[in-house]
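S.K.: Structure incoming, see below.
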Amino acid sequence: MSDYDFYVAHIRFVAGKTARETAVVAQMMDKLMELADQIESGQAIDVASADARLAGRALAGVAGFLQQHILPEVIAAGSALAESQVRWVIDTSMALMATLMVHAEKQPDGGSCRLKLPDSPDLKN
């Protein structure tokens with residue numbers, strides 16, 4: 010079990026719940042699934058420069074969905090552990106999005122962006 014299984018689960022949940030109403034939305038959800046696979050396998054998280062904006066938007070969508078729909082319910086339930094986990098997912102997704110957007114601006118024509126996840130939160134207690 011990876012320290013990031015909970016992050017993978019959140020990403021896949023959002024990707025699975027999002028209606029693929031347009032080709033761009035479908036591409037973003039596919040990119041989320043690719044990111045989840047990379048995180049789950051423990052390999053380096055690499056995003057091609059050509060996909061950096063798309064992946065960044067997709068991760069921002071994960072953060073937005075959780076902040077809008079899940080976090081209020083978690084807070085209302087009074088679970089400090091669950092709240093800490095959801096806030097970590099939101100913060101991490103936004104930080105990765107920012108890294109990807111900066112990369113897209115600085116290196117739009119090639120290579121890849123290697124993402125590093127912060128230490129996972131303490132999920133015990």
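In this note's numbering, the protein residues as written are 10 to 134. Beta carbons: idealized from backbone N, C-alpha and C, even for Gly. Predicted, not measured: the structure shown is a model, and the values here were computed from it.
Compute the Euclidean distance between the alpha carbons of residue 10 and residue 17, then round it to the nearest angstrom.
M.R.: Within the sequence shown, numbered from 1, the residue matching residue 10 stands at position 1. Within the sequence shown, numbered from 1, the residue matching residue 17 stands at position 8. With a pLDDT of 48 at residue 10, under the threshold of 50, the modelled position of that residue is not reliable, and the figure given next carries that caveat. Roughly 11 Å between the two C-alpha positions.
S.K.: Helix, strand or coil: how does DSSP classify residue 124 here?
M.R.: For the purposes of this step, residue 124 is taken as residue 115 along the sequence shown, with counting starting at 1. Looking at residue 124 - three-state DSSP - the assignment turns out to be strand.
S.K.: Identify which residue in 26, 43, 29, 50 has its Cα closest to the Cα of residue 13.
M.R.: Here residue 13 corresponds to residue number 4 of the sequence shown, with the count starting at 1. Checking every option, the nearest Cα to that of residue 13 belongs to 50.
S.K.: Would you mind sorting residue 109 into buried or exposed? The rule is 16 or more other CB atoms within 10 Å of its CB.
M.R.: Residue 109 sits at position 100 when you count from the first residue of the sequence shown. Answer is buried; the Cβ neighbour count reaches 16.
S.K.: Would you mind sorting residue 60 into buried or exposed? The rule is 16 or more other CB atoms within 10 Å of its CB.
M.R.: Counting from one through the sequence shown, the residue named residue 60 turns up at place 51. It is buried - the Cβ of residue 60 has at least 16 other Cβ atoms within 10 Å.
S.K.: Taking the runs of the alpha helix (DSSP H) that are 4 residues or longer, which of them lie wholly in the segment 58 to 119?
M.R.: Correct list: 61 to 74, 80 to 86, 89 to 115.
S.K.: Closer than 6 Å by C-beta to residue 27: which residues in its own chain qualify, once you throw out the five before and the five after it? Chain order, please.
M.R.: Residue numbering aside, residue 27 sits at position 18 when the sequence shown is read from its first letter. The answer, listed in chain order, is 38.
S.K.: Determine the DSSP secondary structure at residue 12, reduced to helix, strand or coil.
M.R.: Translated into positions along the sequence shown, residue 12 becomes position 3. In the structure shown, residue 12 sits in coil (DSSP, three-state: anything other than H, G, I, E or B).
S.K.: Under a Cβ-count criterion, where at least 16 other Cβ atoms within 10 Å of its own Cβ denotes burial, should residue 94 be classed as buried or exposed?
M.R.: Residue numbering aside, residue 94 sits at position 85 when the sequence shown is read from its first letter. Looking at its Cβ environment, which holds 16 or more other Cβ atoms inside 10 Å, residue 94 is buried.
S.K.: Figure out for me which residue from 41, 48, 84 has the closest Cα to the Cα of residue 96.
M.R.: Looking up residue 96 in the sequence shown gives position 87. Ranking the options by Cα distance to residue 96, first place goes to 84.
S.K.: When DSSP builds the beta bridges, which residues end up paired with residue 54?
M.R.: Within the sequence shown, residue 54 is the residue found at index 45, counting from 1. DSSP output for residue 54 lists 124 as bridge partner(s).
S.K.: Could you tell me whether the Cβ atoms of residue 102 and residue 57 are closer together than 7 Å?
M.R.: Along the sequence shown, one-based indexing puts residue 102 at 93. Along the sequence shown, one-based indexing puts residue 57 at 48. No.
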